[in-house]
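Participant:
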């Protein structure tokens with residue numbers, strides 16, 4: 365299950381601790397998002413490689429499009445109780461209790477950002493609330509009113 369975030373509206377720090385593009389992570393990756401755009405990626409060598417990938421793509425685009433390479437494009441929940449985070453992109457994204465974040469192109473999801481990149485990171489044991497309803501608590505599906 366996933367949603368298209370309102371373009372330009374997200375702010376905060378996302379800590380990816382499960383997998384990145386199907387590669388199981390040994391260390392966390394921290395992503396800073398300001399007004400819907402990635403402004404910093406920190407962590408180990410993997411974080412540096414992500415930033416470099418984005419910079420390489422930006423360098424080939426006109427300035428107005430280059431900024432959108434880090435667009436916060438997608439947010440989703442995994443709901444499959446048999447799936448696990450194993451380093452396979454298809455299985456990782458649907459693992460029950462995991463959440464994931466996608467960045468870059470969002471055209472296929474109904475958005476307006478058309479850049480040559482769409483990358484995703486998976487978090488495990490996360491807590492997600494929507495207004496006064498806890499949807500996930502430490503990776504457990506709850507859907508309970510607080």
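In my numbering, the protein residues as written are 365 to 510.
Beta carbons: idealized from backbone N, C-alpha and C, even for Gly.
Given the structure is predicted, the values throughout are model-derived calculations rather than measurements.
1) Going straight from the alpha carbon of residue 517 to that of residue 412, what length do you get?
2) Roughly how many whole angstroms lie between the Cα atoms of residue 372 and residue 461?
3) Since I believe residue 433 is in contact with residue 422 (beta carbons under 8 Å), could you give me their beta-carbon distance rounded to a whole number of angstroms?
4) Tell me, to the nearest whole angstrom, how far the beta carbon of residue 398 is from that of residue 483; I am working on the premise that it is less than 8 Å.
5) In angstroms with no decimal places, state the Cα-to-Cα distance between residue 449 and residue 400.
6) Answer with buried or exposed for residue 455, where buried requires no fewer than 16 other C-beta atoms within 10 angstroms of its C-beta.
7) Mind checking whether residue 492 and residue 500 have CB atoms under 8 Å apart?
8) Do you know whose CA, among 480, 490, 376, 382, lies nearest residue 468's CA?
Facilitator: Judging by the given coordinates:
1) Lying before the first or after the last residue shown, residue 517 is absent from the chain, which here runs from 365 to 510.
2) As a first step, residue 372 must be located in the chain shown, where it is residue number 8. As a first step, residue 461 must be located in the chain shown, where it is residue number 97. Going from the Cα of residue 372 to the Cα of residue 461 covers about 27 Å.
3) Your numbering for residue 422 matches position 58 in the chain shown. Your numbering for residue 433 matches position 69 in the chain shown. Rounded, the Cβ-Cβ distance is 5 Å, consistent with contact.
4) For the purposes of this step, residue 398 is identified with residue 34 of the chain shown, where counting begins at 1. For the purposes of this step, residue 483 is identified with residue 119 of the chain shown, where counting begins at 1. That pair is no contact at about 18 Å.
5) One-based indexing of the chain shown puts residue 449 at position 85. One-based indexing of the chain shown puts residue 400 at position 36. In a straight line, the C-alpha of residue 449 is about 26 Å away from that of residue 400.
6) The residue labelled residue 455 in the question sits at position 91 within the chain shown. Result: buried.
7) As a first step, residue 492 is located in the chain shown; it is residue number 128 there, counting from the start. As a first step, residue 500 is located in the chain shown; it is residue number 136 there, counting from the start. In this structure, residue 500 lies closer than 8 Å to residue 492 by Cβ.
8) Within the chain shown, residue 468 is the residue found at index 104, counting from 1. Closest option to residue 468, Cα to Cα, is 480.
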